[in-house]
Amino acid sequence: MNLIINASEAIGEASGVIVISTGAVECDRAYLAGSYIDEDLPPGLYVYLEVADTGCGMTPETLARVFDPFFSTKFTGRGLGLAAVLGIVRGHRGAIKVYSEPGRGTTFKVLFPASSRPVQNDAVRQPAAARWRGVGLILVVDDEETVRTLARRMLERLGFTVLVASDGQEGVEIFRQHADEVRAVLLDMTMPHMDGEEAFRELRRIRPDVRVVLSSGYNEQDATNRFAGKGLAGFIQKPYCLEDLCDVIRRALGE
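Just so we're aligned: the sequence shown equals residues 23 to 277 in the working numbering.
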């Protein structure tokens with residue numbers, strides 16, 4: 023989703039095209055070495071997701087810093103959510119290739135190692151999400167509308183009542199009004215106005231025992247370093263499914 027949003031912003035008001043494609047490709051070490059993942063990835067079969075646009079493109083200088091979370095390139099239609107995309111890809115032992123030229127457009131190619139295991143028949147096992155039902159009020163704080171909507175639907179399916187906020191500041195104000203009712207907070211880390219770290223501190227000031235689950239596109243180690251020893255109740259990496267959300271919320275609530 024972040025790649026498509028950035029492609030759309032790169033085109034802006036002008037007429038343009040976004041092409042999304044998938045496939046599989048054999049990758050050797052030389053090809054993988056030119057990616058935006060520092061790790062030594064093994065050669066072999068990789069599946070890919072490619073998002074190409076005919077937008078403004080990027081200079082080599084911008085391209086070199088496009089995944090830096092502290093580098094703002096929004097004026098070129100780049101940068102929004104790309105650090106999170108890199109974190110997700112790294113968490114899945116994948117790679118990202120980027121091709122861009124000013125005035126010609128940009129292509130992001132995300133590569134994931136193909137699995138040799140047979141597809142598991144989900145009908146054989148009953149997921150925990152189908153057996154466990156929650157109760158009470160959950161607050162979801164995330165600046166991405168799609169994430170808020172999906173999280174709310176998943177939590178409602180699990181039996182919860184859900185409040186949503188679009189940034190840390192709004193989340194703190196909503197929590198202040200419902201502090202005695204909220205059982206847990208699902209909190210994004212990177213948001214405008216007030217980020218997740220600051221919002222976490224404010225939530226704990228209002229109610230020290232509040233159970234906060236951090237939600238981020240970064241991997242768990244990178245995302246939770248700043249929260250070490252501060253009473254974080256759990257972590258979930260985006261994108262997540264109903265089963266993953268069920269597990270982390272149930273653990274956070276001690277059920």
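Think of the CB as a built atom: it goes at the ideal place given N, C-alpha and C, for glycine as much as any other residue.
Checklist entry - Which residues share a DSSP beta bridge with LYS119? => result Here residue 119 corresponds to residue number 97 of the sequence shown, with the count starting at 1. LYS119 is bridged to LYS131.
Item to check | Cβ distance (whole Å) where LEU209 is taken to contact SER188 below 8 angstroms | outcome: Here residue 209 is taken as the residue at index 187 of the sequence shown, counted from 1. Here residue 188 is taken as the residue at index 166 of the sequence shown, counted from 1. Wrong, their Cβ atoms sit about 13 angstroms apart, outside the cutoff.
Item to check | At least 3 beta-carbon pairs within less than 8 angstroms: the segment 104-115 vs the segment 66-84 | outcome: no
Item to check | Beta-bridge pairing of ARG233 - partner residues as DSSP gives them | outcome: Counting from one through the sequence shown, the residue named residue 233 turns up at place 211. In the DSSP output, where bridge partners are listed per residue, ARG233 has ALA206.
Item to check | Cβ neighbours of ARG233 in the same chain (closer than 6 angstroms, five flanking residues each side left out) | outcome: Here residue 233 is taken as the residue at index 211 of the sequence shown, counted from 1. The answer, listed in chain order, is ALA206, ALA255 and ALA274.
Checklist entry - Which term fits SER122, buried or exposed, when burial requires 16 or more other beta carbons within 10 angstroms of its beta carbon? => result Start at 1 with the first residue of the sequence shown, and residue 122 comes out as number 100. By the neighbour-count rule (16 or more Cβ atoms within 10 Å), SER122 is buried.
Next on the checklist: Considering Cα atoms alone, identify which of ALA52, ARG170, GLU224 and ARG248 is closest to ALA201.
Outcome noted: The count along the sequence shown starts at 1 and reaches residue 201 at position 179. When only C-alpha atoms are compared, the closest one is GLU224.
Checklist entry - Do you know whose CA, among GLY66, PRO64 and GLY56, lies nearest LEU86's CA? => result Mapped onto the sequence shown, residue 86 falls at position 64. The residue asked about is misnamed: residue 86 is Ala in this sequence, not Leu. Of the listed residues, the one whose Cα sits closest to ALA86 is GLY56.
Item to check | Residue interval of the beta strand (DSSP E) (run including THR76) | outcome: Within the sequence shown, numbered from 1, the residue matching residue 76 stands at position 54. Premise fails: THR76 is in no beta strand (DSSP E) and is neither H nor E.
Next on the checklist: Once DSSP output is grouped into helix, strand and coil, what is the label at ILE59?
Outcome noted: Position 37 of the sequence shown, counted from the first residue, corresponds to residue 59. Correct three-state label for ILE59: coil.
Checklist entry - Relative to the C-alpha of ASP90, which residue among TYR240, LYS252 and ILE258 is closest? => result For the purposes of this step, residue 90 is taken as residue 68 along the sequence shown, with counting starting at 1. Minimum Cα distance to ASP90 is reached at TYR240.
Next on the checklist: Can you tell me where the alpha helix (DSSP H) holding ALA255 begins and where it ends?
Outcome noted: Here residue 255 refers to the residue found at position 233 of the sequence shown. That residue, ALA255, is in no alpha helix (DSSP H); it is neither H nor E in DSSP.
Checklist entry - Using a Cβ-Cβ cut-off of 8 angstroms (strictly less than) and excluding sequence neighbours within five positions of THR44, which residues of its own chain qualify? => result Here residue 44 refers to the residue found at position 22 of the sequence shown. Closer than 8 angstroms at Cβ, skipping near neighbours: VAL69, TYR70, LEU71 and GLU72.
Checklist entry - Exposed or buried, ALA32, counting other C-beta atoms within 10 Å across all chains shown (16 or more means buried)? => result Numbered from its first residue, the sequence shown carries residue 32 at position 10. Buried: at least 16 other Cβ atoms inside 10 Å.
Item to check | Beta-bridge pairing of GLU48 - partner residues as DSSP gives them | outcome: Locating residue 48 in the sequence shown gives position 26, counting from the first residue. According to DSSP, GLU48 bridges with LEU67.
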